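Chemist:
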Amino acid sequence: MAKELEVKVLDIDKDEIEKRLKEVGAKLISREYQINTIFDTEDRAIKNKQNGYLRIREKRDLDKGSVSYIFTLKKNISRDGVRENLEIETKIENKEALIRILESLNLKIVHEGTKERIKYKYEDITFDIDTWDNETYPYTYLEIEVKQKDDLQKAIRLLNLDESKVTLKSLAQLRMELGLGDL
91 MAKELEVKVL
101 DIDKDEIEKR
111 LKEVGAKLIS
121 REYQINTIFD
131 TEDRAIKNKQ
141 NGYLRIREKR
151 DLDKGSVSYI
161 FTLKKNISRD
171 GVRENLEIET
181 KIENKEALIR
191 ILESLNLKIV
201 HEGTKERIKY
211 KYEDITFDID
221 TWDNETYPYT
231 YLEIEVKQKD
241 DLQKAIRLLN
251 LDESKVTLKS
261 LAQLRMELGL
271 GDL
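Terminal number for the sequence shown in our numbering: 273, no gaps in between.
1. Identify the residues that DSSP records as bridge partners of residue 168: which are they?
2. Counting only runs of 4+ residues fully inside the region 221 to 262, write out the alpha helix (DSSP H) ranges in chain order.
3. So, residue 270 versus residue 227, is the Cβ gap smaller than 9 Å?
4. What's the C-alpha gap between residue 124 and residue 162?
5. Here's the rule I'm using: 16 or more other beta-carbon atoms within 10 Å means buried, otherwise exposed. How should residue 260 be labelled?
6. Tell me, please, which residues DSSP counts as bridged to residue 94.
7. For residue 202, list the residues DSSP reports as bridge partners.
8. Name the residue from 122, 94, 146 whose alpha carbon lies nearest to the alpha carbon of residue 187.
9. Pick from 196, 153, 251: whose alpha carbon is nearest that of residue 100?
10. Quick one: grab the DSSP three-state call for residue 108.
11. How long is the line joining the alpha carbons of residue 156 and residue 122, rounded to whole angstroms?
12. Using the three-state DSSP reduction, which class does residue 189 fall into: helix, strand or coil?
Take a look at the structure:
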C-alpha cells in the first residue's frame with residue numbers, strides 16, 4: 091500500500107517535454123503501451139462510495155518486449171495542492187482468470203482504454219508523458235508524481251512549466267469536461 095502525490099500538466103508539446111527532460115539529465119525509465127481495464131459494480135460503488143477505481147493494467151514494455159499485469163485499487167484521499175491517492179496493487183499472472191473472478195463477483199468492465207506512456211525519473215520525481223487512445227482522452231499530458239509536496243514546485247521549475255496548466259483533476263473529470271462521459 092502506497093500513497094502517491096501527483097498532478098497533471100495539460101496542453102503539452104510531447105517532443106518539447108522530452109527534450110527538456112533529457113536536457114536536465116532525467117533518465118528514461120521505459121516506453122510502454124498499456125491496456126487499462128476499469129471495473130466497478132452496476133451501481134458504481136467503488137467510484138461513488140470509495141472515491142476510487144479498480145483496475146487491471148497490462149503493460150507492454152516497448153523496448154524490452156516484456157508484458158506484465160498489475161491489479162490496483164486506487165482511492166483519492168486529498169486534493170490539497172496536489173492529488174493524493176492511496177494505491178494498493180499487486181502483480182498478477184493471468185489477466186483473463188482475474189477478469190472471470192471479478193465478473194463472478196458482480197463487477198463489470200466499465201471502461202477499457204489504451205495509452206502510450208513514456209516514463210522519466212529525475213531524483214525522486216517521476217515524469218510520465220501519457221497519450222491515450224482518442225476515445226479515452228484525445229490530448230497528451232504530463233503526469234508528475236512526487237514523494238514530497240515540495241518536489242512538485244521543484245519539478246515545475248526544473249522543466250519551466252506553465253503553472254496555469256497544472257491540474258489536480260482526474261482523468262474522469264477531464265473526460266467529463268470534454269463531454270466524453272464518465273469512466
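Think of the CB as a built atom: it goes at the ideal place given N, C-alpha and C, for glycine as much as any other residue.
Being a predicted model, the structure only gives us computed values, none of them experimental.
Modeler: On the basis of the supplied data:
1. 174
2. 240 to 248
3. yes
4. 14 Å
5. buried
6. 175
7. 127
8. 146
9. 251
10. helix
11. 10 Å
12. helix
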